[in-house]
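Taken in order, these protein sequences are the chains called A and B.
FYI, the numbering used here numbers position 83 of the first sequence as 83, with every residue one higher than the one before it.
FYI, the numbering used here numbers position 140 of the second sequence as 414, with every residue one higher than the one before it.
In this text, a Cβ means the ideal position worked out from N, Cα and C, and glycines have one as well.
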Amino acid sequence: MTSASPPAPIVKFDGVSLGYGDFTVLRDVDFEVLPGQVVAMMGGSGSGKTTLLRATTGQLEPRAGRIQVFDRDMASLRGEALREARQRMGVLFQAGALFTDLDVFENVAFPLREHTCISEHQIVERVLDKLQAVGLRHAAHLRISEVSGGMARRVALARAVVLEPELILYDEPFAGLDPISLGVTAQLIRNMADQLGCASILITHDVTESFAIADRVYLIGQKTLIAHGTPEALSASTDAYVRQFLNGEPDGPIAFHYPDTPAFQKWLASKGRP
Amino acid sequence: MSGLTSRIAGLGRKFLSTVTGLGAFARLLGAILARSGVVLRRPRLVSQQIHFIGNHSLLIISVSGLFVGFVLGLQGYYTLNRYGSEEALGLLVALSLTRELGPVVTALLFAGRAGTSLTAEIGLMKAGEQIAAMEVMAVDPIRRVLAPRFWGGVIAMPVLAAVFSMVGVLGGWFVGVMLIGIDPGAFWSQMQDGVDVIKDVANGVVKSLVFGVVVTLIALYQGWTARATPEGVSRATTRTVVDGALAVLGLDFLMTALMFAN
């Protein structure tokens with residue numbers, strides 16, 4: 001940023017710890033996302049990427065630290081204020097979470113019908129426009145049970161962006177997509193950020209696509225953010241964690257095997273094995 | 275001694291969980307009623323549910339009503355014939371249906387047909403993260419999902435009970451008049467004289483309304499509180515039928531005692 005006063009961040013995590021029950025998933029998380037920026041959060045399965053997303057939407061309260069979204073402390077928001085903040089976000093869920101009682105068109109139209117008073121004509125136009133962007137204009141009439149997994153993710157993507165929100169959270173947007181859809185989806189995410197100036201958080205473990213479109217990349221590992229930087233800086237990094245993750249090597253500081261626990265040893269003993 | 279203590283503790287736990295469940299049930303009703311403005315603002319949401327709940331139950335309700343009417347016609351004739359008053363068959367069939375069998379059997383079938391599908395639908399919506407997605411999209415799922423389904427069930431139930439009673443009367447007429455040969459004039463005129471609009475028909479409608487509220491709410495509550503797993507949804511569906519049927523039969527006795535006491 002060369003400007004004298006940089007824009008205020010849309011999302012700001014400050015010393016945040018997150019967890020469920022007795023289990024701490026992430027600690028000391030600090031990062032921020034500016035308007036128009038695409039930030040990729042990368043890490044292995046079970047590293048806490050989705051937990052981070054749940055905390056951003058206010059579904060999970062931090063154990064320590066502060067999460068600010070649109071300059072407001074998410075932990076303190078309740079009722080109408082929380083709903084107001086969420087109306088300014090779009091979320092692409094990991095499993096799509098499409099409404100199975102509605103067809104493709106009505107799924108994408110859902111946020112418009114709930115949060116705006118625009119005419120049916122405008123709804124049809126906007127929904128078809130978004131479906132066109134994800135290549136599914138001619139699938140508008142299909143039921144959710146009739147579309148494939150990859151198509152369902154693209155419908156979910158169209159639904160996440162239909163209100164043109166100020167913050168878009170993508171949970172594994174590239175999972176289950178064929179190479180063509182993958183490239184188009186990645187470009188769509190970049191274009192949304194450039195054209196609307198919305199902040200985007202991309203949760204993924206797809207190195208190639210996310211490095212191609214992200215402004216900043218954060219690597220999650222060992223229950224915290226272990227490395228961050230621009231895609232170029234991370235590609236040039238000699239850090240052992242970064243190298244192992246980017247090159248997909250089984251051996252290194254990141255363990256491939258699930259750690260041994262007393263509970264496992266007890267279970268093993270019950271099977272008659274020492 | 276410790277066995278006795280743990281048994282008493284177990285009993286206490288069961289009692290407490292029942293009371294807690296009843297409290298949660300009542301709170302859900304309150305939450306749905308408080309968010310029912312959507313019914314007036316967007317009546318299409320409710321009409322879709324009435325179509326889904328009512329239309330899909332229509333066939334089973336009509337067929338069951340017809341057979342219950344047949345049986346009432348036959349059994350009524352055998353009994354009345356002993357006293358030489360088989361002309362009163364029309365009255366017997368109509369009173370049995372409007373006062374008791376119409377609302378009660380419809381409610382039992384309603385719990386099995388529409389109640390289970392409501393529970394499974396909401397349980398699966400939870401399992402598929404659809405409810406969580408709605409919350410994150412700043413849409414209140416109680417207002418958007420539960421309230422229209424609740425009112426859809428409450429409106430559909432009395433209509434279905436009326437259809438059941440109507441088809442049942444026709445079934446009784448078919449057996450009594452067409453097969454056995456009772457005088458049709460006596461059949462209909464006794465019915466017309468003996469059935470009171472307020473005492474019989476209106477009380478039957480009130481019963482079916484109460485059953486509609488209770489069965490729909492049980493179905494929604496079970497779906498809403500189901501564990502988001504295939505096993506959790508299947509258990510919740512079973513509980514909808516068991517709890518729904520017991521509530522209907524218990525409430526029916528209570529309401530009959532209140533409504534028809536002299």
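Give the DSSP bridge partners of residue i, in chain order.
i                 : result
Asp203 of chain A : As written in the sequence, residue 203 of chain A is Ile, which differs from the Asp given in the question. Beta-bridge pairing links Ile203 of chain A to A:Met41 and A:Asp171.
Ser17 of chain A  : A:Ala64
Arg72 of chain A  : A:Val69
Ala298 of chain B : Per DSSP, none; premise fails for Ala298 of chain B.
Phe23 of chain A  : A:Tyr20
Glu32 of chain A  : A:Lys12
Arg86 of chain A  : For Arg86 of chain A, which the question treats as bridged, DSSP gives no partner whatsoever.
Leu92 of chain A  : A:Tyr170
Arg143 of chain A : A:Asp103
Of all the options the options, which has the alpha carbon lying nearest to the alpha carbon of residue i?
i                 : options                                   : result
Ala152 of chain A : A:Gly272, A:Asn191 and A:Leu102           : A:Leu102
Thr372 of chain B : B:Met399, B:Phe438 and B:Ala421           : B:Phe438
Val134 of chain A : A:Gly252, A:Leu177 and A:Lys266           : A:Leu177
Thr292 of chain B : B:Asp517, B:Phe326 and B:Phe384           : B:Asp517
Trp425 of chain B : B:Gly339, B:Arg287, B:Leu296 and B:Arg309 : B:Arg309
Ser370 of chain B : B:Pro422, B:Gly468 and B:Trp498           : B:Gly468
Leu169 of chain A : A:Val242, A:Gly21, A:Ser148 and A:Leu53   : A:Leu53
Leu340 of chain B : B:Leu375, B:Thr511 and B:Met431           : B:Leu375
Glu84 of chain A  : A:Asp129, A:Glu166, A:Leu18 and A:Pro259  : A:Glu166
Gly185 of chain A : A:Arg86, A:Phe174 and A:Gln195            : Looking at the sequence itself, residue 185 of chain A is Thr, so the reference to Gly does not match. Selected option, being the one with the closest Cα: A:Phe174.
Thr393 of chain B : B:Ala535, B:Val515 and B:Phe344           : B:Val515
His115 of chain A : B:Val367, B:Val488 and B:Arg418           : B:Arg418
Ser463 of chain B : B:Ala362, B:Ala430 and B:Met529           : B:Ala362
Met431 of chain B : B:Gly478, B:Thr294, B:Arg287 and B:Leu348 : B:Gly478
Pro7 of chain A   : A:Pro231, A:Gly197 and A:Lys223           : A:Gly197
Tyr351 of chain B : B:Leu420, B:Leu319, B:Val449 and B:Gly328 : B:Val449
Glu80 of chain A  : B:Leu365, B:Lys400, B:Asn355 and B:Met411 : B:Met411
Arg143 of chain A : A:Pro231, A:Phe105, A:Ala236 and A:Arg86  : A:Phe105
Assuming residue i is part of the alpha helix (DSSP H), what are its boundary residues?
i                 : result
Arg126 of chain A : Glu120 to Ala133
Thr353 of chain B : His330 to Arg356
Val312 of chain B : Gly311 to Arg315
Leu157 of chain A : Gly149 to Val161
Gly497 of chain B : Asn477 to Thr499
His115 of chain A : Val104 to His115
Glu505 of chain B : Pro504 to Met533
Ala435 of chain B : Ala421 to Trp447
Arg190 of chain A : Pro179 to Leu196
Ala467 of chain B : According to the sequence shown, residue 467 of chain B is Asp rather than Ala. Segment Pro458 to Gly468, the alpha helix (DSSP H) holding Asp467 of chain B.
Lys400 of chain B : Thr390 to Ala401
Ala406 of chain B : Gln404 to Val410
Thr51 of chain A  : Lys49 to Thr56
Arg243 of chain A : Ala240 to Asn247
Gly364 of chain B : Leu363 to Leu369
Please compile the residues from chain A whose C-beta is within a distance smaller than 8 Å of the C-beta of residue i.
i                 : result
Gly304 of chain B : Chain A residues near Gly304 of chain B: none, gap ~16 Å exceeds 8 Å.
From what residue to what residue does the beta strand (DSSP E) around residue i run?
i                 : result
Tyr258 of chain A : Counting along the chain, Tyr258 of chain A falls outside any beta strand (DSSP E), and DSSP gives it neither H nor E.
Leu382 of chain B : Here Leu382 of chain B belongs to no beta strand (DSSP E); instead the alpha helix (DSSP H) covers Gly376 to Phe384.
Ala227 of chain A : Thr224 to Gly229
Arg216 of chain A : Arg216 to Gly221
Note down, in chain order, every chain B residue with its Cβ under 7 Å from the Cβ of residue i.
i                 : result
Thr57 of chain A  : Val410
Gln132 of chain A : Neighbours of Gln132 of chain A on chain B: none; closest Cβ ~22 Å, over 7 Å.
Ser83 of chain A  : For clarity, residue 83 of chain A is Arg in the given sequence; the question names Ser instead. Result: Ala412.
Output, in chain order, the set of chain A residues within a Cβ distance shorter than 9 Å of residue i.
i                 : result
Glu403 of chain B : Phe93, Gln94, Ala95, Gly96 and Ala97
Residue i versus chain A: which residues are under 7 Å apart at the beta carbon?
i                 : result
Ala407 of chain B : Phe93 and Ala97
Below 9 Å on C-beta distance, what does residue i contact in chain B?
i                 : result
His115 of chain A : Met411, Ala412 and Val413
Pro111 of chain A : Met411, Ala412 and Val413
Ala87 of chain A  : The sequence as given places Gln at residue 87 of chain A; Ala does not occur at that position. Ordered by position in chain B, the residues that pass the 9 Å Cβ test against Gln87 of chain A are Met411 and Ala412.
Name the chain B residues that come within less than 8 Å of residue i, Cβ to Cβ?
i                 : result
Thr100 of chain A : Leu398, Met399, Gly402 and Gln404
> Is the stretch 31-44 of chain A touching the stretch 8-22 of chain A in the sense that three or more CB pairs, one from each, lie closer than 8 Å?
Replying inline: yes
> Okay, do the stretch 381-391 of chain B and the stretch 49-69 of chain A touch, 3+ Cβ pairs below 8 Å being the bar?
Replying inline: no
> For the stretch 34-48 of chain A against the stretch 202-218 of chain A, are there 3 or more C-beta pairs whose distance is under 8 Å?
Replying inline: yes
> Hey, is the stretch 129-143 of chain A in contact with the stretch 64-81 of chain A, meaning 3+ C-beta pairs nearer than 8 Å?
Replying inline: no
> Counting Cβ pairs closer than 8 Å, one from the stretch 392-410 of chain B and one from the stretch 97-113 of chain A, do we hit at least three?
Replying inline: yes
> Counting Cβ pairs, one atom from each stretch, are 3 or more of them under 8 Å apart for the stretch 376-386 of chain B and the stretch 503-513 of chain B?
Replying inline: no
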